Amino acid sequence: MAVIPQEFGSGHTEAKLVTVEKYLKAFTTALSGKFTLIYVDAFAGSGASVPKTDKQQFRLIETDDIIDGSTRRALRISPSFDQFIFIEKLGKNLKSLQALKEEFPEKENKIDILPGDANAELRNFAMKLDKRNARAVVFIDPFGLSLDWETIASLGKTERVDLWYLVPSGGMSRQVKLDGTELESAPLLDKVLGRVDIQDSH
Numbered sequence: 442m443a444v445i446p447q448e449f450g451s452g453h454t455e456a457k458l459v460t461v462e463k464y465l466k467a468f469t470t471a472l473s474g475k476f477t478l479i480y481v482d483a484f485a486g487s488g489a490s491v492p493k494t495d496k497q498q499f500r501l502i503e504t505d506d507i508i509d510g511s512t513r514r515a516l517r518i519s520p521s522f523d524q525f526i527f528i529e530k531l532g533k534n535l536k537s538l539q540a541l542k543e544e545f546p547e548k549e550n551k552i553d554i555l556p557g558d559a560n561a562e563l564r565n566f567a568m569k570l571d572k573r574n575a576r577a578v579v580f581i582d583p584f585g586l587s588l589d590w591e592t593i594a595s596l597g598k599t600e601r602v603d604l605w606y607l608v609p610s611g612g613m614s615r616q617v618k619l620d621g622t623e624l625e626s627a628p629l630l631d632k633v634l635g636r637v638d639i640q641d642s643h
């Protein structure tokens, strides 16, 4: 079974992923053999993607268009992480993530694929993390405003997690009018950023 690329991201997606991959390499190089190293991907996707296009535009997907996702990049890092946790809700993406076990058979037993809500799974991870012996990198590239501030806070409290959070700033800015007042949907920002008095900040 092959990994099926999802339509996600933009032309900047690969540059961001390359930066993350370099960091993961530095992280495992520095800490391998000293701690149990865990990589967590909270919105794991399918393992590969192609940049979004206009929905009215038809195009064939060329091999050169396919971008390796964060999960595949993490799996090929050497020195390797000791455990990989991929969190994903969409069924079609879950099937593609399962295919990564076939692509990386030597790491099959290190890969845990969790078909659940990212907020719930991350908080559970933070609660159960072995703070004495483990260190983790958590990568979060969410769909819209789907990550709660309380989840970020729970990871921070462990003091054992390096967090990469690609902040959905566009979605946040759309919750505020040009005059700085909140839209009716703006309480969503409280969930994402903690309580923020937007008007006072202007």
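Here the working numbering is used: the first residue of the sequence shown is 442, the next is one more, and so on.
Where a beta carbon is used, it is the ideal one built from N, C-alpha and C, also for glycine.
Owing to the predicted nature of the structure, the values given are computational and were not obtained by experimental measurement.
- Considering only Gln524, Ile554, Pro546, the residue with the shortest C-alpha distance to Asn534 is Ile554.
- Residue state for Ile518 is assigned as coil, using DSSP reduced to three classes.
- With distances taken between CA atoms, Ser487 lies nearest to Ile528 out of Val459, Ile528, Lys463.
- As computed with DSSP, Trp605 is found in a beta bridge with Phe580.
- Counting only the Cα atoms, Glu591 lies some 28 Å from Lys551.
- Assignment of Ala575 by DSSP, reduced to helix, strand and coil, places it in the strand class.
- Looking only at Phe566, Lys463, Arg573, the smallest Cα-Cα distance to Thr477 is reached by Arg573.
- It is roughly 17 Å from the alpha-carbon of Trp605 to the alpha-carbon of Ala575.
- Spanning the alpha carbons of Leu563 and Arg601 requires a straight line of approximately 13 Å.
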